[in-house]
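Here is the structure we will look at.
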Amino acid sequence: MTVSRAPRWMCSYSREVRTVPAGRWWTAVRVPAALGALALKSLGDGTGAVIEDGYGGIMYWLVPPGDAAGWLLPGVQVLDRGSHVAVPPLRRTSGPGLYWRVPLSHESYWTDAERLRAALAAAIVATPRNNRTPRPA
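Position in the sequence shown (from 1) plus 4 gives the number in the working numbering.
And the structure:
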């Protein structure tokens with residue numbers, strides 16, 4: 005991805021993880037990796053960009069700002085205005101640590117919130133309760 009193709013909120017030349025405020029360009033949906041893997045499989049090509057924290061066992065989806073407001077799903081945390089998300093450099097597409105599990109694309113980095121909610125709800129039903137809670141930050 006070239007500098008001109010990177011979204012405005014993404015520093016395309018950085019080699020470091022940086023924090024970006026949620027709620028302006030996107031809302032982040034924070035999910036334990038066990039749920040996230042099932043949801044990602046369900047979404048297939050219908051997913052937008054996904055950040056994975058390989059050390060923390062957490063995945064983050066980016067949805068349009070405000071589209072996940074009011075979600076009450078076990079183990080799922082919606083990060084909107086007032087929250088910040090650690091974002092890996094564009095070229096970091098594998099672990100260890102924080103990386104783009106599904107790489108960021110200028111054309112589309114959002115996941116449709118309703119499709120994500122449905123995929124997460126199905127994953128919750130299919131996942132044992134002890135795998136639904138993310139590790140403490």
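Glycine included, each C-beta is placed from N, C-alpha and C at the ideal position.
> Which residue from Arg19, Trp30, Glu20 puts its Cα closest to that of His88?
Replying inline: Stepping through the sequence shown from its first residue, residue 88 is reached at position 84. Considering only alpha carbons, the answer is Trp30.
>> Closest to Leu142 by C-alpha separation, out of Gly60, Val35, Val91, would be which residue?
In response: In the structure displayed, the chain extends from 5 to 141; residue 142 sits before or after that span and is not available.
>> If I measure Cβ to Cβ from Val106 and keep anything under 8 Å in the same chain, skipping five residues before and after, which residues do I get?
In response: Reading the sequence shown from its first residue, position 102 is the one you call residue 106. So the list reads Leu44, Thr51, Gly52, Ala53, Val54, once near-sequence residues are dropped.
>> Quick check: what's the CA-CA separation for Ala127 versus Asp116?
In response: On the sequence shown, residue 127 is found 123 positions in, with the first residue counted as 1. On the sequence shown, residue 116 is found 112 positions in, with the first residue counted as 1. Looking at the two C-alpha atoms, the distance is approximately 16 Å.
> Buried or exposed: which applies to Tyr59, given that a residue is buried once 16 or more other Cβ atoms fall within 10 Å of its Cβ?
Replying inline: Sequence index remark: in the sequence shown, residue 59 carries index 55 (1-based). Tyr59 comes out exposed.
> Looking at the unbroken alpha helix (DSSP H) that takes in Leu44, where does it start and where does it end?
Replying inline: In the sequence shown, the residue the question calls residue 44 occupies position 40. From DSSP, the alpha helix (DSSP H) with Leu44 extends over 37-47.
>> What would DSSP say about Val129, mapped onto helix, strand or coil?
In response: Reading the sequence shown from its first residue, position 125 is the one you call residue 129. Three-state result, Val129: helix.
> Just reading off the beta strand (DSSP E) that Tyr103 is part of, what are its end residues?
Replying inline: Counted from its first residue, the sequence shown places residue 103 at position 99. From DSSP, the beta strand (DSSP E) with Tyr103 extends over 102-106.
> For the putative contact between Ala32 and Ala26, defined by C-beta atoms under 8 Å, what is the C-beta separation to the nearest angstrom?
Replying inline: In the sequence shown, residue 32 corresponds to position 28, counting from 1. In the sequence shown, residue 26 corresponds to position 22, counting from 1. With 8 Å as the limit, Ala32 and Ala26 qualify as a contact, their Cβ atoms being about 5 Å apart.
> So which of Val21, Ser112, Pro78 has the shortest CA-CA distance to Thr131?
Replying inline: Along the sequence shown, read from residue 1 onward, the residue named residue 131 stands at position 127. Ranking the options by Cα distance to Thr131, first place goes to Pro78.
>> Check this for me: beta carbons of Arg95 and Tyr103, under 7 Å apart or not?
In response: Looking up residue 95 in the sequence shown gives position 91. Looking up residue 103 in the sequence shown gives position 99. Not a contact, by the Cβ cut-off of 7 Å.
>> Just to confirm, is the Cβ distance from Val80 to Leu124 under 7 Å?
In response: Here residue 80 corresponds to residue number 76 of the sequence shown, with the count starting at 1. Here residue 124 corresponds to residue number 120 of the sequence shown, with the count starting at 1. Yes; because the gap between Cβ atoms is below 7 Å, this pair is in contact.
>> Considering only DSSP beta bridges, list what Leu83 is partnered with.
In response: On the sequence shown, position 79 is the one that residue 83 refers to. In DSSP, Leu83 forms a bridge with Ala32.
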